[in-house]
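Residue numbers (numbering that gives the first Met the number 0), protein chains in the order written: chain A, 0 to 199; chain B, 0 to 292.
Note that the Cβ used here is the ideal one computed from N, Cα and C, for glycine as well.
The model shown is predicted, which means the values in this text are computed figures rather than measured ones.
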Amino acid sequence: MNSRENLVKMIGVLDLQGGVIEHLNHLKSLGVNGRQVKKPQDIVGLSGLIIPGGESTCISKLINIFGLRKAITEEFNSGMKIWGTCAGAILLAKNIAGEAPHLALMDIEIKRNGFGSQLDSFGLHAIIKPISPRPIPLTFIRAPKITRVGTDVNILLRIDDYIAVAETPGALATVFHPELTANLSFHRYFLKKCGREIVQ
Amino acid sequence: MSSNRYELNVQLAQMLKGGVIMDVTNAKQAKIAEEAGAVAVMALERVPADIRKDGGVARMSDPAMIMEIKKSVTIPVMAKARIGHFVEAQILEALKIDYIDESEVLTPADEECHIDKSKFSIPFVCGARNLGEALRRISEGAAMIRTKGEAGTGNIVEAVRHIRAINREIRVLAGLPVEEITSFAKANGLPYELALKVKELGRLPVVNFAAGGIATPADAALMMQFGCDGIFVGSGIFKSTNPEARARAIVKAAAYFNDPAKILEASTAIGDAMPGLEISEIPKVQLLAGRGW
Numbered sequence: 000m001n002s003r004e005n006l007v008k009m010i011g012v013l014d015l016q017g018g019v020i021e022h023l024n025h026l027k028s029l030g031v032n033g034r035q036v037k038k039p040q041d042i043v044g045l046s047g048l049i050i051p052g053g054e055s056t057c058i059s060k061l062i063n064i065f066g067l068r069k070a071i072t073e074e075f076n077s078g079m080k081i082w083g084t085c086a087g088a089i090l091l092a093k094n095i096a097g098e099a100p101h102l103a104l105m106d107i108e109i110k111r112n113g114f115g116s117q118l119d120s121f122g123l124h125a126i127i128k129p130i131s132p133r134p135i136p137l138t139f140i141r142a143p144k145i146t147r148v149g150t151d152v153n154i155l156l157r158i159d160d161y162i163a164v165a166e167t168p169g170a171l172a173t174v175f176h177p178e179l180t181a182n183l184s185f186h187r188y189f190l191k192k193c194g195r196e197i198v199q
Numbered sequence: 000m001s002s003n004r005y006e007l008n009v010q011l012a013q014m015l016k017g018g019v020i021m022d023v024t025n026a027k028q029a030k031i032a033e034e035a036g037a038v039a040v041m042a043l044e045r046v047p048a049d050i051r052k053d054g055g056v057a058r059m060s061d062p063a064m065i066m067e068i069k070k071s072v073t074i075p076v077m078a079k080a081r082i083g084h085f086v087e088a089q090i091l092e093a094l095k096i097d098y099i100d101e102s103e104v105l106t107p108a109d110e111e112c113h114i115d116k117s118k119f120s121i122p123f124v125c126g127a128r129n130l131g132e133a134l135r136r137i138s139e140g141a142a143m144i145r146t147k148g149e150a151g152t153g154n155i156v157e158a159v160r161h162i163r164a165i166n167r168e169i170r171v172l173a174g175l176p177v178e179e180i181t182s183f184a185k186a187n188g189l190p191y192e193l194a195l196k197v198k199e200l201g202r203l204p205v206v207n208f209a210a211g212g213i214a215t216p217a218d219a220a221l222m223m224q225f226g227c228d229g230i231f232v233g234s235g236i237f238k239s240t241n242p243e244a245r246a247r248a249i250v251k252a253a254a255y256f257n258d259p260a261k262i263l264e265a266s267t268a269i270g271d272a273m274p275g276l277e278i279s280e281i282p283k284v285q286l287l288a289g290r291g292w
């Protein structure tokens with residue numbers, strides 16, 4: 000039996016750079032002890048992996064330096080779910096405007112820094128039906144824009160000229176930061192995707 | 000500045016955690032920093048070691064030079080304004096860079112007042128030698144704190160002194176009963192509401208980076224093990240013999256600060272560090288950390 004099908008579905012947060020503790024705290028609020036992932040062996044057997052916000056170029060370099068790319072790709076291909084927030088979404092994209100892709104696990108096209116400088120960062124509320132029936136606060140910090148998705152990719156939220164949330168059976172990409180608000184809906188949703196139903 | 004804008008600015012700093020911010024003086028250096036995995040660059044005309052050497056008045060950098068750097072990278076760009084020089088800050092905000100460092104490395108413009116940062120939409124980072132200084136800057140609107148260290152020396156001793164002081168004062172404060180906080184706040188120059196916040200959180204309410212004198216991967220890991228959230232490297236990279244290798248190595252050491260085998264790997268075969276300065280041999284008037292209050 001694959002370790003992923005064991006009773007305890009372990010969730011990891013890639014701990015190289017960025018908003019790691021914020022994701023771990025959200026998981027903890029839902030009763031889940033997340034695993035800090037720094038080495039290839041930390042990835043083995045995970046049901047889900049969260050790639051946090053941060054600087055995508057930095058996280059990508061560290062993924063390569065420490066040999067995590069192969070482990071992430073292999074586990075993803077054998078059923079581990081993956082969720083990228085902001086920089087994490089950039090790492091998942093198969094196409095990035097003006098630069099080579101990083102992990103390339105999701106058929107989406109993304110534009111880094113889609114809104115401009117820090118002065119253009121913003122927050123808003125939106126209802127995203129599959130995630131929650133109530134409006135969710137969304138925080139965009141030097142956020143990217145998803146500009147196009149492949150035919151097998153579901154669009155969960157579209158705003159103006161861009162896509163903010165996209166999903167495939169194996170992956171979830173959000174261009175904003177659900178880990179920076181008190182709202183737990185996205186984390187609950189991702190846990191469900193990984194086979195952990197949180198009732199609270 | 001709306002409270003929501005301040006929150007967004009604090010949150011941008013959160014996204015820099017675990018990363019290295021590098022001083023760069025032109026587009027080519029900025030590309031090297033970005034390639035090495037820097038989370039942001041600090042655009043300035045001269046690194047602190049040169050400011051120290053040249054003497055004279057150090058001011059905000061030429062906006063054209065900052066713009067050229069901004070155009071060359073996609074990571075956040077920071078730039079320095081003189082302490083108290085709110086018009087330099089207004090210019091940097093109009094330039095739409097990502098973060099302003101109100102910095103003691105430049106010659107202070109005001110010996111009484113720091114910039115009222117709450118009036119700005121753009122985020123500020125400020126230096127601190129102790130908890131009082133950190134909280135006074137936050138009360139003025141700083142969204143991020145860094146140790147002052149002694150910039151441009153390649154000597155970590157002052158940064159260590161500052162982070163130890165901040166950590167010690169937070170520990171003391173966290174252990175105090177509420178009725179003793181008023182006198183502790185008064186004695187140490189802490190804004191009272193922020194003192195209560197620190198007691199509740201057990202840490203500063205914003206991200207705290209290490210800065211001033213970091214020259215090696217081991218220096219970076221040392222400051223991270225003291226609990227700093229990330230690293231500024233000023234002169235340490237482009238005053239070393241192999242900037243590319245050293246930049247990569249410091250990024251690596253900051254990410255794996257708790258793993259001696261990885262720090263060893265990062266410290267090997269990266270050329271010579273910048274030449275260092277003994278603090279006691281620097282004339283008192285040339286010390287930078289005492290600027291600001």
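Around the Cβ of residue i, are there at least 16 other Cβ atoms within 10 angstroms (buried) or fewer (exposed)?
i	result
B/LYS251	buried
A/LEU15	buried
A/LYS37	buried
B/GLN224	exposed
B/VAL86	exposed
B/SER239	buried
B/CYS112	exposed
A/SER120	buried
A/GLY97	exposed
B/SER279	exposed
B/PRO216	buried
B/ILE282	The identity of residue 282 of chain B in the sequence shown is Pro, whereas the question assumes Ile. When all chains shown are included, B/PRO282 counts as exposed.
The alpha helix (DSSP H) that contains residue i, what's its start and end?
i	result
A/LEU156	It is not in any alpha helix (DSSP H) - A/LEU156 instead sits in the beta strand (DSSP E) that spans 153–158.
A/CYS57	55–64
B/LYS283	Looking at the DSSP string, B/LYS283 is not in any alpha helix (DSSP H), and its letter there is neither H nor E.
B/GLN89	85–93
B/GLN224	216–224
B/ASN166	156–174
A/GLY11	Where A/GLY11 is concerned, there is no enclosing alpha helix (DSSP H), although the beta strand (DSSP E) it sits in stretches over 10–13.
B/LEU105	Taken as a continuous stretch (DSSP letters only), B/LEU105 belongs to no alpha helix (DSSP H), as it is neither H nor E.
A/ASN246	The shown model of chain A, from 0 to 199, leaves out residue 246 of chain A, and the question about it has no answer.
Whose Cβ in chain A lies nearer than 7 Å to the Cβ of residue i?
i	result
B/ILE82	Going along chain A, no residue has its Cβ under 7 Å from B/ILE82, so there is no contact; the nearest lies around 21 Å.
B/ILE96	SER116
B/ALA254	LEU15, GLN16, LEU61
Identify, in the order they occur along the chain, each residue of the same chain with its Cβ nearer than 8 Å to the Cβ of residue i, setting aside the five sequence neighbours on each side.
i	result
B/ILE230	GLY18, VAL19, ILE20, PHE208, ALA209, ALA210, ILE213, ALA219, MET222, MET223, ILE249, ALA253
B/LYS30	SER71, VAL72
B/SER60	ALA42, LEU43, GLU44, ALA78, LYS79
A/ALA170	PHE75, LYS80, ILE81, TRP82, GLY83, LEU91, LEU104, MET105
A/ILE126	PRO132, ARG133, PRO134, ILE135
B/ILE65	ALA42, VAL76, ALA78, LEU91, LEU94, ILE96
Given residue i, which residues of its chain have a CB within under 7 Å of its CB, disregarding the five upstream and five downstream residues?
i	result
B/GLU168	ASN129, LEU130, ASN187
A/VAL12	VAL19, HIS22, LEU23, GLY33, GLN35, VAL36, ILE49, PRO51
B/GLN13	VAL206
B/LEU203	ALA133, ILE144, VAL197
In terms of residue numbering, what span does the beta strand (DSSP E) encompassing residue i cover?
i	result
B/ASP115	Per DSSP, B/ASP115 belongs to no beta strand (DSSP E) and is neither H nor E.
A/PRO136	135–139
B/TYR98	98–102
A/ASP41	Run containing A/ASP41: none in the beta strand (DSSP E); it sits in the alpha helix (DSSP H), 39–42.
Return yes when at least one heavy atom of the ligand COA lies under 6 Å from the C-beta of residue i, else no.
i	result
B/ARG290	Looking at this structure, you won't find the ligand COA or any other ligand, since it has none at all.
Which bits of chain A does residue i rub up against, with CB to CB less than 9 Å?
i	result
B/THR267	By Cβ distance, chain A contributes nothing, its closest Cβ being about 14 Å from B/THR267, past 9 Å.
B/ALA37	GLU54, THR56, CYS57
B/ASN3	PHE121, GLY122
In its own chain, which residues sit with a C-beta less than 6 Å from the C-beta of residue i, not counting the 5 before and 5 after it?
i	result
A/GLY47	ILE10, LYS80, CYS193
A/VAL61	Val is not the amino acid found at residue 61 of chain A; the sequence shown has Leu there. Only LEU15 meet the Cβ criterion.
A/GLY149	ASP106
A/ASN182	ILE135, PRO136
A/GLY122	THR138
A/ARG195	LYS8
A/CYS144	First, the residue type needs correcting, since residue 144 of chain A is Lys and not Cys in the sequence shown. Result list for A/LYS144: LYS110, GLY113, TYR161, in chain order.
B/PRO176	none
A/MET0	The predicted model places A/MET0 with a pLDDT of 44, which falls under 50 and marks its position as unreliable; any figure quoted below should be read in that light. So the list is empty, once near-sequence residues are dropped.
For a contact defined as C-beta to C-beta under 7 Å, what are the partners of residue i on chain B?
i	result
A/GLN40	Here the premise fails: no neighbours, minimum Cβ distance about 13 Å.
A/ASN112	THR73
A/GLY17	MET14, LYS16, GLY17
A/ILE64	LYS251
Listing by chain order, which chain A residues have their CB less than 8 Å from the CB of residue i?
i	result
B/LEU7	GLN117, SER120, PHE121, GLY122, THR138, ILE140
B/VAL250	CYS57, LYS60, LEU61
B/PRO242	Correct list: empty, because the minimum Cβ distance to chain A is about 16 Å.
B/ILE121	GLN117, LEU118
Which residues of chain B have a Cβ atom closer than 8 Å to the Cβ of residue i, listed in chain order?
i	result
A/LEU179	GLN10, GLN13
A/GLU21	GLN13
Worksheet item: What are the start and end residues of each continuous alpha helix (DSSP H) run of 4 or more residues lying completely inside the region 66–142 of chain A, in chain order?
Response: 67–76, 86–91
Item to complete: Go through the region 20–75 of chain B residue by residue and report every complete run of the alpha helix (DSSP H) that reaches 4 residues or more, in order.
Response: 26–35, 47–53, 62–71
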